[in-house]
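Residue numbers (the UniProt record's numbering): 1 to 338.
We treat Cβ as the ideally placed atom computed from N, Cα and C, and that holds for glycine.
The next block holds one structure in the form of structure tokens; read it before the comments.
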């Protein structure tokens, strides 16, 4: 079974294949065990209801949903959430998610046989024999009322779970327990959870049972999807978590690639700037060497025969100084007679 879920070559697996497969296998195992236990525990809830009434069933459902919440990493995975994510394309592993949904259906169908086995072991070990009803899928209202109740229940359940799932640990179990008790009181069969609804009718298959089951499923799906149009939910299946992990990995890789490209561009510009500065420094050095060469050859002349460099400047200074001296020596003060 796990080979099917370990196969594939998604980017989530290519980034860290061992870690991602181990996490996926753990989540898959926890979800299957939790769903299977929740499907066969409704038998004990019905036994408690027959002996202690609605209050005893409310406590039993709260305890069972709390255990299920611990096993399933924070929140019960309603099968309607799979349908919502598949229609909204929030997961990239739709075939494997659909396969997981089929496993939920098989677990619901096999839960009654497992519950019979558990009751048999209890009877042999303790001598306690529990009388169970032949069918737990008995409605007290017409089929049309089932459709209305399922639609309204799925709508309100989706709306309340979005508001209470992250508030406290007991918020989600209390919400489910309230809906199950309300369904038991008004309809006769708790709905809004397709796996448990399917597990209830596994002991008494008939044409009326199949029709009522279809009404449960057909009404719950549009009710849940209608509530999903109002606001998003923080509830996520493991397939959506894997899909979001892939998206985060893609964004991180794209961001790293952009940073790498930006770094290369900055290095290239820095290299060009350094080359330009080196060329400027070399040009200044060549000009300085040219000036020193001219200064070392003071009698160097140009093509016209004029002196260039410092010798020319010194000759000009010397000629000016000589002219000033000559002008001072030729100047005479006026002679005054006695």
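Round the Cβ separation of residue i and residue j to the nearest angstrom and send it over; I've been treating them as touching at under 8 Å.
i	j	result
residue 47	residue 132	7 Å
residue 39	residue 113	At roughly 11 Å, the Cβ-Cβ gap does not stay under 8 Å, so residue 39 and residue 113 are not in contact.
residue 147	residue 193	Not a contact, Cβ separation roughly 17 Å.
residue 79	residue 104	6 Å
residue 150	residue 188	Not a contact, Cβ separation roughly 12 Å.
residue 204	residue 134	7 Å
residue 64	residue 41	5 Å
residue 231	residue 162	6 Å
residue 35	residue 195	6 Å
residue 109	residue 228	Residue 109 to residue 228, Cβ: 27 Å. No contact.
To the nearest angstrom, how far is it from the Cα of residue i to the Cα of residue j?
i	j	result
residue 4	residue 152	Residue placement at residue 4 is poorly supported in this model, since its pLDDT is 39, which falls under 50; the coordinates still yield a value, given next. The straight-line gap from Cα to Cα measures roughly 37 Å.
residue 257	residue 251	10 Å
residue 58	residue 168	18 Å
residue 213	residue 184	15 Å
residue 273	residue 288	22 Å
residue 84	residue 236	10 Å
residue 119	residue 129	8 Å
residue 226	residue 155	7 Å
residue 33	residue 158	23 Å
residue 266	residue 259	10 Å
residue 208	residue 43	21 Å
residue 77	residue 199	16 Å
residue 28	residue 101	11 Å
residue 171	residue 88	26 Å
residue 165	residue 233	9 Å
residue 186	residue 139	9 Å
residue 137	residue 238	31 Å
residue 30	residue 117	22 Å
residue 264	residue 280	24 Å
residue 320	residue 327	10 Å
residue 206	residue 106	19 Å
residue 145	residue 223	14 Å
residue 160	residue 121	39 Å
residue 53	residue 98	37 Å
residue 86	residue 56	37 Å
residue 124	residue 51	22 Å
residue 180	residue 218	18 Å
residue 338	residue 323	The predicted position of residue 338 is uncertain, since its pLDDT is 44 and thus under 50; a value taken from the coordinates is nonetheless stated next. Distance between the alpha carbons of residue 338 and residue 323 is about 34 Å.
residue 325	residue 271	59 Å
residue 197	residue 249	38 Å
residue 284	residue 262	33 Å
residue 37	residue 127	23 Å
Does DSSP put residue i in a helix, a strand or coil?
i	result
residue 407	With the chain covering only 1 through 338, there is no way to say anything about residue 407.
residue 188	coil
residue 251	helix
residue 326	helix
residue 29	helix
residue 368	Residue 368 is absent from the structure shown; the chain starts at 1 and stops at 338.
residue 242	helix
residue 135	coil
residue 163	helix
residue 193	coil
residue 43	helix
residue 183	helix
residue 35	helix
residue 129	coil
residue 274	helix
residue 319	helix
residue 49	helix
residue 173	helix
residue 78	coil
residue 124	helix
residue 232	coil
residue 66	helix
residue 140	coil
residue 226	helix
residue 168	coil
For the ligand NAP, is there a heavy atom less than 8 Å away from the beta-carbon of residue i?
i	result
residue 207	Looking at this structure, you won't find the ligand NAP or any other ligand, since it has none at all.
Could you say if the region 175 to 189 and the region 231 to 247 meet the contact criterion of at least three C-beta pairs nearer than 8 Å? no
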